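Asks: First to last, the sequence lines map onto chains S and B. Quick note: the first sequence uses the numbering used here, first residue 256, plus one each step. Quick note: the second sequence uses the numbering used here, first residue 256, plus one each step. Just so it is clear, CB atoms sit at the ideal spot from N, CA and C, and this is done for glycine as well. Being a predicted model, the structure only gives us computed values, none of them experimental.
Protein chains: 2
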Amino acid sequence: MIDSSILMHYGALQKIIEKDEFIFHEGDYAKYYFQVIRGKIKLFSTSEDGKSFTQGMFSDGDSFGEPPMLIRERYPSSAQSMNRSIIYKLHESGFQQMLEEHREIEHNLLLLMASRCYVKSVTSRELINQKTEHRIMAFLIDYKRKKGHPSSRIHIPFTRQEIADFVGLRVETVIRTLKTMSYLKLVHIEDRKLYF
Amino acid sequence: MIDSSILMHYGALQKIIEKDEFIFHEGDYAKYYFQVIRGKIKLFSTSEDGKSFTQGMFSDGDSFGEPPMLIRERYPSSAQSMNRSIIYKLHESGFQQMLEEHREIEHNLLLLMASRCYVKSVTSRELINQKTEHRIMAFLIDYKRKKGHPSSRIHIPFTRQEIADFVGLRVETVIRTLKTMSYLKLVHIEDRKLYF
DNA sequence: CGGGAGATTGATTCCAGTCAAAGGCGGTGG
DNA sequence: CCACCGCCTTTGACTGGAATCAATCTCCCG
C-alpha cells in the first residue's frame, strides 16, 4: 500500500465506484494505478463462451492492475466493484515520476510483483494438476491465510458461484464437492453457510 | 538479462549443469539468483499423483526463480536442465547489494516481474476457460511469438509429452487434438514433426 | 540389427459439465 | 404481518470429453 499523501502529491484522485460498476475492461490499455481506499474489487477474465474466471479480489489498501500498466499492455481482465467503493486513481505518468523519486516505493512494488508471481505459480499448479476437492481446499486455505486466522474456524463469505469462478468449476460441482468435504469433516456447513 | 561483468562483480559463479540435473527442488528455500548463459532449463511443479506441470522454459540470457528469492519463500517448482547448460549463480546477499547499487537493474527487474505476472494471468485464463484445442493453440502462438517468427511456419521442437505438460493435458489427448487440428489446417504435421 | 523413446490407436471409465426443476432464505411493499 | 420475488442453493438425470489402460508402431541411434 502506498501512502495516500504521496499518491495525492503525484496527482492521484479519489473516486467513488458504485456497486457493480466497472473500473476497466478486458482489452483496455492500462493507463492508471489503482489503490482501494475502502471497498472490494474483483478482477476477472471472461472466455468467449461467457464463463468468467476470477483472477483476484482486492480490498482496503490493496492495489490492482499494476502489471499491465508497468509494461504498457492491455488488461487481461476486467475490474468490477463488488459494492460501493472508494479508490485512488493515479495516471501512469505521475506514477512513473513517483517511482523515480521514491526508491523505497519502487522496491516495495518489486516485492509485491514478485509475490504476485509466486502466488500465481502456486495457483496454476493447483488448478491444473489437482482434483476438484484439492482446488477448493487450496482456495479455502488461501483465503484463511490471507485473512490471518491461521487456525480457528472461520466463515467463508463467498457464494458457491463465487467459489466456482475462483477455482474454475461449475456451481453444481462446487456444491457437490463441498458436501462430500463436509462428510469428511474437511469443512463445516450449517444453514448453507460454509465454515473452514 | 543482467550484464555478466556486473554479476561477477557481486560474486556470481559460473556453473555447468549436466543434462537432467536439478538446480533446485520444489520446497527448497530460494537463496540464489540464476541466469542462463547457454542451455535450456525447465521449471515444473509436480502434484501428489506424480503428474508434472511445466511452469516455464528458460534459455540463453533468461533468469529464473527470482520471485521466491525476492520474497524469501520456498520454490513452488523444480528446475531441471534439459541439456548440458551453463548458468550464473549469485547468492541472495550479493544480489540484494547489486539491486541497491544499480537502480536500473532493479527497475528492469520490476518490469520483468510485471511481465511475468501479466503472462501468468493470460495463461491461467487460457488454462481454465478454454477448450482443449484452444489451450494447445495458445501454447503454439506463445512459443512462436517468443521465438520472434510472427508469421512464417516454424517447427515446434517439443515432444507431445512436453506439450501436454505445458498445457495440463495427457499425451494421448494432445496427439488426438493435434491430429484434428491438422485436418483443420491449423497446424501441419509431417513425419510426426509438428509445424505451426 | 536390436533396443528404446516417442507416437499412435482403440476401448473403456469416470467425473465434471449441462440441463431442468425445486427448494429455501431474505427483503420489500402492500 | 404476510405474500411475493429474486437470488442463491440443492438435487437428479444425462452427456460428453478427457483420462486411463493396454497394445502397437515407427523412427532413430548405436
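Scan the stretch 319-362 of chain S and note each continuous beta strand (DSSP E) run of 3 residues or more that stays entirely inside, going in chain order.
Replies: Correct list: 333-336, 340-346.
Asks: For chain B, find out if any of its Cβ atoms is closer than 7 Å to the Cβ of residue 306 of chain S; answer yes or no.
Replies: Start at 1 with the first residue of the first sequence, and residue 306 of chain S comes out as number 51. Yes, contact with chain B.
Asks: If you follow the beta strand (DSSP E) that residue 291 of chain S is part of, which residue opens it and which one closes it?
Replies: As a first step, residue 291 of chain S must be located in the first sequence, where it is residue number 36. Element bounds for residue 291 of chain S: 287-293.
Asks: Please list the partners that residue 380 of chain S has in chain B, where partner means a Cβ-to-Cβ separation under 8 Å.
Replies: As a first step, residue 380 of chain S must be located in the first sequence, where it is residue number 125. Result: 300, 302, 308, 310, 331, 332.
Asks: Looking at C-beta atoms only, is the number of pairs between the stretch 340-350 of chain B and the stretch 272-283 of chain B that lie closer than 8 Å three or more?
Replies: Taking 8 Å as the limit for Cβ pairs, the verdict is that the stretch 272-283 of chain B does touch the stretch 340-350 of chain B.
Asks: Expressed to the nearest angstrom, what Euclidean distance is found between the alpha-carbon atoms of residue 286 of chain S and residue 321 of chain B?
Replies: Here the question's residue 286 of chain S lines up with position 31 in the first sequence. Here the question's residue 321 of chain B lines up with position 66 in the second sequence. Cα-Cα distance, rounded: 27 Å.
Asks: Using alpha carbons as the reference points, say which of B/289, B/299, B/361, B/451 lies closest to residue 281 of chain B.
Replies: Locating residue 281 of chain B in the second sequence gives position 26, counting from the first residue. Nearest of B/289, B/299, B/361, B/451 to residue 281 of chain B, Cα basis: B/299.
Asks: Would you call residue 263 of chain S buried or exposed, if buried means 16 or more other Cβ atoms sit within 10 Å of its Cβ?
Replies: Within the first sequence, the letter at position 8 stands for residue 263 of chain S. Under this definition residue 263 of chain S is an exposed residue.
Asks: Between which residues of its own chain and residue 335 of chain S is the CB-CB distance below 6 Å, once the five residues before and five after are set aside?
Replies: Residue 335 of chain S sits at position 80 when you count from the first residue of the first sequence. Excluding sequence neighbours, residue 335 of chain S sits near 277, 297.
Asks: 7 Å is my cut-off, CB to CB: does residue 347 of chain S come that close to chain B?
Replies: For the purposes of this step, residue 347 of chain S is taken as residue 92 along the first sequence, with counting starting at 1. Chain B, which has no Cβ nearer than 7 Å to the Cβ of residue 347 of chain S, makes this no.
Asks: Any C-beta of chain S sitting closer than 7 Å to the C-beta of residue 429 of chain B?
Replies: Reading the second sequence from its first residue, position 174 is the one you call residue 429 of chain B. Taking Cβ atoms only, chain S never reaches closer than 7 Å to residue 429 of chain B, which makes this a no.
Asks: Since residue 371 of chain B meets chain S, which of its residues come closer than 7 Å, beta carbon to beta carbon?
Replies: Here residue 371 of chain B is taken as the residue at index 116 of the second sequence, counted from 1. Under the 7 Å cutoff, chain S gives 372.
Asks: Could you tell me which whole alpha helix (DSSP H) segments of length 4 or greater appear in the stretch 416-441 of chain S?
Replies: Those alpha helix (DSSP H) runs which fall completely within the stretch 416-441 of chain S and span 4+ residues are 426-438.
Asks: Would the stretch 367-383 of chain B count as touching the stretch 359-374 of chain S if we require 3 or more Cβ pairs under 8 Å?
Replies: Judged by Cβ distances under 8 Å, the stretch 367-383 of chain B makes contact with the stretch 359-374 of chain S, as three or more pairs qualify.
Asks: Whose Cβ in chain S lies nearer than 8 Å to the Cβ of residue 395 of chain B?
Replies: Here residue 395 of chain B refers to the residue found at position 140 of the second sequence. Within 8 Å Cβ-Cβ: nothing; residue 395 of chain B doesn't reach chain S, min ~18 Å.
Asks: In terms of residues, what are the limits of the beta strand (DSSP E) holding residue 308 of chain B?
Replies: Along the second sequence, read from residue 1 onward, the residue named residue 308 of chain B stands at position 53. Per DSSP, residue 308 of chain B belongs to the beta strand (DSSP E) from 307-314.
Asks: Determine, for residue 377 of chain S, whether the minimum Cβ-Cβ distance to residues of chain B falls below 7 Å.
Replies: On the first sequence, position 122 is the one that residue 377 of chain S refers to. Yes, residue 377 of chain S counts as interfacial toward chain B.
Asks: Using CA atoms only, rank isn't needed, just tell me which of B/328, B/267, B/338, B/442 is closest to residue 313 of chain B.
Replies: Working through the second sequence from its first residue, we reach residue 313 of chain B at position 58. Checked all of B/328, B/267, B/338, B/442; the closest Cα to residue 313 of chain B is B/338.
Asks: Give me whichever residues DSSP pairs with residue 268 of chain S in a beta bridge.
Replies: The count along the first sequence starts at 1 and reaches residue 268 of chain S at position 13. According to DSSP, which records beta bridges pairwise, residue 268 of chain S is partnered with S/344.
Asks: Name the chain S residues that come within less than 7 Å of residue 383 of chain B, Cβ to Cβ?
Replies: Sequence index remark: in the second sequence, residue 383 of chain B carries index 128 (1-based). Residues of chain S passing the Cβ test: 308, 382, 423.
Asks: Using the beta-carbon of each residue, which ones in chain B are nearer than 9 Å to residue 405 of chain S?
Replies: Translated into the one-based positions of the first sequence, residue 405 of chain S becomes position 150. Near residue 405 of chain S there are no residues of chain B at all, since even the closest Cβ is about 17 Å away, more than 9 Å.
Asks: Who pairs with residue 389 of chain B in a beta bridge, going by DSSP?
Replies: Here the question's residue 389 of chain B lines up with position 134 in the second sequence. In the DSSP output, where bridge partners are listed per residue, residue 389 of chain B has none listed.
Asks: Closer than 7 Å by beta-carbon distance: list the chain B residues that pair up with residue 341 of chain S, in chain order.
Replies: Working through the first sequence from its first residue, we reach residue 341 of chain S at position 86. The premise fails here: residue 341 of chain S is roughly 25 Å from chain B at the closest Cβ pair, so nothing lies under 7 Å.
Asks: Please confirm if residue 296 of chain B has its CB atom under 7 Å from at least one CB of chain S.
Replies: Within the second sequence, numbered from 1, the residue matching residue 296 of chain B stands at position 41. No, because no Cβ of chain S sits closer than 7 Å to the Cβ of residue 296 of chain B.
Asks: Across the stretch 386-405 of chain S and the stretch 348-365 of chain B, are there enough close Cβ pairs to call them in contact, namely three or more that are closer than 8 Å?
Replies: Verdict: no, contact absent.
Asks: Using the Cα positions of residue 442 of chain B and residue 435 of chain B, report the straight-line distance between them to the nearest angstrom.
Replies: Within the second sequence, the letter at position 187 stands for residue 442 of chain B. Within the second sequence, the letter at position 180 stands for residue 435 of chain B. Distance between the alpha carbons of residue 442 of chain B and residue 435 of chain B is about 9 Å.
Asks: Quick one: give me the first and last residue of the beta strand (DSSP E) that residue 448 of chain B is part of.
Replies: What you label residue 448 of chain B is simply residue 193 of the second sequence in a count that begins at 1. Its beta strand (DSSP E) spans residues 448-450.
Asks: What are the start and end residues of the beta strand (DSSP E) that includes residue 278 of chain B?
Replies: Along the second sequence, one-based indexing puts residue 278 of chain B at 23. It spans 277-279 - the beta strand (DSSP E) in which residue 278 of chain B sits, taken as one unbroken run.
Asks: Does any residue of chain S have a CB that is nearer than 7 Å to the CB of residue 322 of chain B?
Replies: The residue labelled residue 322 of chain B in the question sits at position 67 within the second sequence. At least one chain S Cβ lies under 7 Å of residue 322 of chain B.
Asks: For the candidate residues S/394, S/408, S/379, whose alpha-carbon lies nearest to that of residue 301 of chain B?
Replies: To locate residue 301 of chain B, count along the second sequence from 1; it is residue 46. Measuring from the Cα of residue 301 of chain B, the nearest candidate turns out to be S/379.
Asks: Which bits of chain B does residue 328 of chain S rub up against, with CB to CB less than 7 Å?
Replies: By 1-based counting over the first sequence, the position of residue 328 of chain S is 73. In chain order: 373.
Asks: Would you kindly work out how many angstroms separate the C-alpha atoms of residue 451 of chain S and residue 310 of chain S, rounded to a whole number?
Replies: Here residue 451 of chain S refers to the residue found at position 196 of the first sequence. Here residue 310 of chain S refers to the residue found at position 55 of the first sequence. Straight-line Cα distance between these residues: approximately 22 Å.
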